[in-house]
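Numbering (our numbering), first residue to last: 13 to 204.
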């Protein structure tokens with residue numbers, strides 16, 4: 013049995029928020045978060061169309077700027093026309109949280125070893141979001157073929173399942189951000 017005493021949740025939340033703010037006062041980590049938002053949003057949206065994404069990035073005879081815009085900017089810009097509002101909001105929320113989580117992860121990795129990083133929540137959230145993501149053209153979840161194998165053919169059910177997984181992924185990423193914020197606050201307290 014452990015003899016450690018845990019601080020009340022309100023104190024841990026304040027410490028985590030201080031750690032979060034400490035990371036994002038450095039504009040480099042704001043830029044990393046912005047790139048992470050584009051990357052994770054695109055990963056979820058293009059998860060059913062990786063072959064087409066590869067074609068756009070590597071073979072399409074257009075400038076690099078147009079390629080990057082097509083893969084990273086356009087799908088996020090038009091997400092509310094492809095997906096229903098709840099599903100689109102879930103994808104956007106996950107993308108923003110994953111970008112923030114990535115920046116905080118990089119901050120902690122630069123200052124501390126990998127073994128102290130909360131692994132399950134960040135990785136689990138990404139897996140949930142990729143499973144919940146879908147076709148950039150129709151919004152069909154990557155789970156649709158798997159669920160159809162087991163007899164689930166209702167489009168509404170699959171869309172709702174996709175939405176629930178995206179929101180679950182966001183909760184896991186929020187927990188990861190909370191834990192990383194605590195790590196940053198602890199590192200700062202030790203350096204004083």
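Glycine is no exception: its CB is placed at the ideal position from the N, C-alpha and C atoms.
Given 8 Å as the limit, tell me if residue i has its C-beta closer than that to any heavy atom belonging to the ligand SAM.
{"i": "residue 104", "result": "With respect to small molecules bound, the structure shown includes none, and the ligand SAM cannot be examined in it."}
Whose C-alpha, out of the options, is nearest the C-alpha of residue i?
{"i": "residue 51", "options": "109, 194, 37, 200", "result": "109"}
{"i": "residue 65", "options": "107, 75, 84", "result": "84"}
{"i": "residue 115", "options": "36, 93, 177", "result": "36"}
{"i": "residue 117", "options": "26, 29, 45, 24", "result": "45"}
Under the three-state reduction of DSSP, which class applies to residue i: helix, strand or coil?
{"i": "residue 63", "result": "helix"}
{"i": "residue 217", "result": "There is simply no residue 217 to check, as the chain begins at 13 and stops at 204 in what is shown."}
{"i": "residue 18", "result": "coil"}
{"i": "residue 149", "result": "Unreliable positioning characterises residue 149 in this predicted model, as indicated by a pLDDT of 44, which lies under 50. A coordinate reading is not provided."}
Please list the terminal residues of the continuous alpha helix (DSSP H) segment that includes residue i.
{"i": "residue 26", "result": "21–36"}
Tell me whether residue i is buried or exposed, calling it buried when 16 or more other Cβ atoms sit within 10 Å of its Cβ.
{"i": "residue 78", "result": "exposed"}
{"i": "residue 122", "result": "exposed"}
{"i": "residue 56", "result": "buried"}
{"i": "residue 203", "result": "exposed"}
{"i": "residue 18", "result": "exposed"}
{"i": "residue 20", "result": "exposed"}
Alpha helix (DSSP H) runs contained entirely in the segment 38–117, provided each spans 4 or more residues: Listed in chain order, the alpha helix (DSSP H) elements of length 4 or more contained wholly in the segment 38–117 are 39–57, 62–70, 76–80, 86–89, 91–94.
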